[in-house]
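J.:
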Amino acid sequence: MTALVLAELLKARTTRSAVGLALGLLAIVAFFGSVHAATLDLPADTHATSDNLSSVFFVPVFAIIFGILASAGEYRHGTISQTLLVTPVREKLVGAKLVAAAIVGAALWAVAAALAVVVCGIWFGARGIPFDAGDAASTLLPALLAAALWAALGIGLGFVLTSQVGAIVALFAWLFVVESIVEGLLPRVHRFLPGGLLNDVLHADDADFSRPVAALITLAYVAAFAVVGTALARRRDVT
Amino acid sequence: MIEARSLTKRYGSTVAVDDLSFTVPAGAVTGFLGPNGAGKTTTLRMLLGLVRPTSGDATIGGERYVRLPRPAARVGAVLEASAFHPGRSGRNHLRTVATAADIPERRVDEVLDVVELTAVARRRVKTYSLGMRQRLAIAQALLGDPDVLLLDEPANGLDPQGIRWLRDFLRSYAADGRTVFVSSHVLAEIAQTVDSVAIINRGKLVAHESLMEVRARAVAGVRVRSPQAARLREALAAAGIETTDVGEGRLVARIESSERVGEIAAANGVVLHELTAESSSLEDVFLELTGESRPQ
Numbered sequence: 001m002t003a004l005v006l007a008e009l010l011k012a013r014t015t016r017s018a019v020g021l022a023l024g025l026l027a028i029v030a031f032f033g034s035v036h037a038a039t040l041d042l043p044a045d046t047h048a049t050s051d052n053l054s055s056v057f058f059v060p061v062f063a064i065i066f067g068i069l070a071s072a073g074e075y076r077h078g079t080i081s082q083t084l085l086v087t088p089v090r091e092k093l094v095g096a097k098l099v100a101a102a103i104v105g106a107a108l109w110a111v112a113a114a115l116a117v118v119v120c121g122i123w124f125g126a127r128g129i130p131f132d133a134g135d136a137a138s139t140l141l142p143a144l145l146a147a148a149l150w151a152a153l154g155i156g157l158g159f160v161l162t163s164q165v166g167a168i169v170a171l172f173a174w175l176f177v178v179e180s181i182v183e184g185l186l187p188r189v190h191r192f193l194p195g196g197l198l199n200d201v202l203h204a205d206d207a208d209f210s211r212p213v214a215a216l217i218t219l220a221y222v223a224a225f226a227v228v229g230t231a232l233a234r235r236r237d238v239t
Numbered sequence: 001m002i003e004a005r006s007l008t009k010r011y012g013s014t015v016a017v018d019d020l021s022f023t024v025p026a027g028a029v030t031g032f033l034g035p036n037g038a039g040k041t042t043t044l045r046m047l048l049g050l051v052r053p054t055s056g057d058a059t060i061g062g063e064r065y066v067r068l069p070r071p072a073a074r075v076g077a078v079l080e081a082s083a084f085h086p087g088r089s090g091r092n093h094l095r096t097v098a099t100a101a102d103i104p105e106r107r108v109d110e111v112l113d114v115v116e117l118t119a120v121a122r123r124r125v126k127t128y129s130l131g132m133r134q135r136l137a138i139a140q141a142l143l144g145d146p147d148v149l150l151l152d153e154p155a156n157g158l159d160p161q162g163i164r165w166l167r168d169f170l171r172s173y174a175a176d177g178r179t180v181f182v183s184s185h186v187l188a189e190i191a192q193t194v195d196s197v198a199i200i201n202r203g204k205l206v207a208h209e210s211l212m213e214v215r216a217r218a219v220a221g222v223r224v225r226s227p228q229a230a231r232l233r234e235a236l237a238a239a240g241i242e243t244t245d246v247g248e249g250r251l252v253a254r255i256e257s258s259e260r261v262g263e264i265a266a267a268n269g270v271v272l273h274e275l276t277a278e279s280s281s282l283e284d285v286f287l288e289l290t291g292e293s294r295p296q
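Sequence order for the protein chains is A and B.
According to our numbering, the first sequence is numbered sequentially starting from 1.
According to our numbering, the second sequence is numbered sequentially starting from 1.
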């Protein structure tokens, strides 16, 4: 199993998609942190640090896109045939991809968080705003949890839909259209949906569920998509 | 050893592979022949666990492919139109396979050498020609030093030297006591490589025999043209020689000796305008077996 996870990580390192995602993420983090710090009214409020670092909330979205590319991408490029020749047991393949995606999600978080802290440190230093390490951790650490979970969610989604573009379109349609409508009409239902849960994992203040509960329900989604994706991968002919 | 038992694959009402049974022995190169669309690729993919049979089953060394503990070390497969991630280098592609299959990394450079891809190994696959991709696929098949090789139309995209190289390589591979099963839609292409052939058409096995037996089917004939074709036909029939009337005064006598046909014609006072001994080629046999022979 370790070998399979290492192979999946090697796949991630040997194409440009993961690097491209990381660069896109870093651009957003640098831009957002700079604009926030530059336009911040002095004296800054007590949550200035966490507000400035909140661009790391984009990490889960980039992580799920990575997960989709790592799973549906195999169908997109036809490499799924070769992959299944080496690892014919679908459960093992999906399992290895889940673990590898969570690791890549964590790595995306690490580079984003590091840059966010550097940008924040430079701007706050220049403007004389104190950097609050505890406040920073309260924003950064939940994003790590969310990044790992959402990367794994992307793997399952990719195996269910197998279309890279289809899965990404479905993801954004779900998050920004379906969940917005449900949130407006049925807020009690919305809190059980992935986007609503993501909000609870990231923000403690206006949460419906506590962070551990929200993370566990998200994990249930990860498991459900992975199980359905594996079952479909077992049944589906690869031609 | 590869074994297919009553393999059947239906797509809706279309039967792609129909109750196909055969065994492929070790120590020999076995050809898998059939016209395009005969079901070769579907059969190979069922052997490899990529396509689920509607019924029947397929084993390699007595085990279904998905049950093999280390498949890459047992079976090497070259799929038709092998797909690679265009942005990954050939060498990195092989490294991902080697890593997953627990194969030491030095083996990657060895197989790159074997297929003569070392010079371009670090280039991205999207810059490769079809022949280079095919050789990369062969390199992947060899990574685990397997004792069974399955190749789906491996000659596609290879240049004449490449085809020759592949032929010699497969021969020596089988000579080591290993199993080679190679598909093609052109008999001539693999006639010099294979010991025996399994021929399928419309998903059904139509012949499974040694190449010698196939060659024996290449019946000889004598083509004659005569303004007195009907009379010649009777004379030949009297001598116990079967003929086929192919129209416009032309006959094909089912006999090897053109001398004999000429003598009979002379003895019966029949004028001949043409007398040619011809043997049908292996390709004719193949076309006849698969029912794809062109009308005369």
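Note that the Cβ used here is the ideal one computed from N, Cα and C, for glycine as well.
None of the values given here were measured: they were computed from a predicted structure.
Helix, strand or coil: which one does DSSP assign to B/D195?
T.: In the structure shown, B/D195 sits in coil (DSSP, three-state: anything other than H, G, I, E or B).
J.: Quick check on B/E299: does DSSP put it in helix, strand or coil?
T.: Since the first residue shown for chain B is 1 and the last is 296, residue 299 of chain B is missing from the structure and cannot be characterised.
J.: When you compare the CB of A/P88 with every CB in chain B, is at least one pair closer than 9 Å?
T.: It does: the Cβ of A/P88 has a partner Cβ on chain B nearer than 9 Å.
J.: In chain order, which continuous runs of the alpha helix (DSSP H) of length 4 or greater are located wholly inside the stretch 242–278 of chain B?
T.: Whole alpha helix (DSSP H) segments, 4+ residues: 258–267.
J.: So what does DSSP say about A/T14, is it helix, strand or coil?
T.: Note: A/T14 maps to coil in three-state DSSP.
J.: Is there a Cβ from chain A that is less than 9 Å from the Cβ of B/Y128?
T.: Cβ-Cβ to chain A under 9 Å: no for B/Y128.
J.: In or out: B/K126 buried (at least 16 other Cβ within 10 Å) or exposed?
T.: B/K126 is exposed by the Cβ-count criterion.
J.: Starting from A/I3, follow its DSSP beta bridges and name the residues at the other end.
T.: The sequence as given places Ala at residue 3 of chain A; Ile does not occur at that position. For A/A3, which the question treats as bridged, DSSP gives no partner whatsoever.
J.: Could you please give the first and the last residue of the uninterrupted beta strand (DSSP E) stretch that includes B/G56?
T.: Where B/G56 is concerned, the enclosing beta strand (DSSP E) stretches over 55–60.
J.: For the stretch 144–157 of chain B, list every residue whose C-beta sits within 8 Å of some C-beta in chain A, in sequence order.
T.: Going along the stretch 144–157 of chain B in chain order, one finds no residue with a Cβ nearer than 8 Å to chain A.
J.: For A/H36, which of helix, strand or coil comes out of DSSP?
T.: The answer is helix: DSSP assigns A/H36 an H, G or I state.
J.: By a C-beta neighbour count over all protein chains shown, 10 Å radius and 16 as the cutoff for buried, is A/N52 buried or exposed?
T.: Counting Cβ neighbours within 10 Å, A/N52 comes out buried, since at least 16 surround it.
J.: Can you tell me which residues form a DSSP beta bridge with B/R124?
T.: Note: B/R124 sits in a beta bridge opposite B/S89.
J.: Which of helix, strand or coil does DSSP assign to B/V206?
T.: DSSP places B/V206 in strand when its eight states are reduced to three.
J.: Under DSSP, the alpha helix (DSSP H) around A/L108 begins and ends at which residues?
T.: Note, A/L108: alpha helix (DSSP H), 90–127.
J.: What residues from chain B crowd round A/G78, counting only those whose CB sits closer than 7 Å?
T.: Under the 7 Å cutoff, chain B gives A83.
J.: Would you say A/T14 faces chain B, with C-beta separation under 9 Å as the test?
T.: Judged by the 9 Å Cβ criterion, A/T14 is in contact with chain B.
J.: To the nearest angstrom, report how far apart B/F84 and A/G78 are at their CA atoms.
T.: Computed Cα separation, rounded: 7 Å.
J.: Establish whether the CB of B/R95 and some CB of chain A are separated by less than 9 Å.
T.: Closer than 9 Å to some Cβ of chain A, the Cβ of B/R95 qualifies, so yes.
J.: Write down the C-beta distance between B/S258 and B/V214 rounded to the nearest angstrom, noting that I regard them as a contact closer than 8 Å.
T.: 24 Å between Cβ atoms; not a contact.
J.: What is the residue span of the beta strand (DSSP E) that B/G225 lies within?
T.: Strictly speaking, residue 225 of chain B in this sequence is Arg, with Gly absent from that position. It spans 220–225 - the beta strand (DSSP E) in which B/R225 sits, taken as one unbroken run.
J.: Please say whether B/L117 and B/R135 have beta carbons closer to each other than 9 Å?
T.: Contact flag set, yes.
J.: Please report how far the alpha carbon of B/V115 lies from the alpha carbon of B/A141, in whole angstroms.
T.: Roughly 11 Å separates the two Cα atoms.
J.: Kindly indicate which three-state DSSP category B/T290 falls into: helix, strand or coil?
T.: Coil, per DSSP.
J.: Which residue's Cα is closest to the Cα of B/T14: B/A238, B/T54, B/A218?
T.: Of the listed residues, the one whose Cα sits closest to B/T14 is B/T54.
J.: Please state whether DSSP places A/F62 in a helix, a strand or coil.
T.: Reduced to three states, the DSSP call for A/F62 is helix.
J.: Can you tell me whether DSSP reads B/G76 as helix, strand or coil?
T.: Looking at B/G76 - three-state DSSP - the assignment turns out to be strand.
J.: In angstroms, rounded to a whole number, what distance separates the CA positions of A/A96 and A/L84?
T.: The alpha-carbon atoms of A/A96 and A/L84 are separated by roughly 13 Å.
J.: Tell me the rounded alpha-carbon separation between B/P240 and B/V252.
T.: The residue you asked about is not Pro; residue 240 of chain B is Gly in the sequence shown. Near 14 Å, if we compare the C-alpha coordinates of B/V252 and B/G240.
J.: In chain order, what residues of the stretch 136–170 of chain A put their CB closer than 7 Å to some CB of chain B?
T.: Residues: none.
J.: Is A/A214 near A/L186, with beta carbons less than 9 Å apart?
T.: Contact: no.
J.: Taking buried to mean at least 16 other C-beta atoms within 10 Å of its own C-beta, is A/I168 buried or exposed?
T.: The residue in question, A/I168, is buried, as its Cβ has 16 or more Cβ neighbours within 10 Å.
J.: Give me the Cβ distance between A/A173 and A/L161, rounded to the nearest whole Å; I'm assuming they're in contact under 8 Å.
T.: A/A173 to A/L161, Cβ: 12 Å. No contact.
J.: With 16 other CB atoms within 10 Å as the buried threshold, where does A/A12 fall?
T.: Buried.
J.: What residue from B/V111, B/R233, B/V51 has the CA that sits closest to B/A137's CA?
T.: Looking at the Cα atoms, B/V111 is the closest of the given residues.
J.: A/K11 CB to nearest chain B CB: under 9 Å?
T.: It does; some Cβ of chain B falls within 9 Å.
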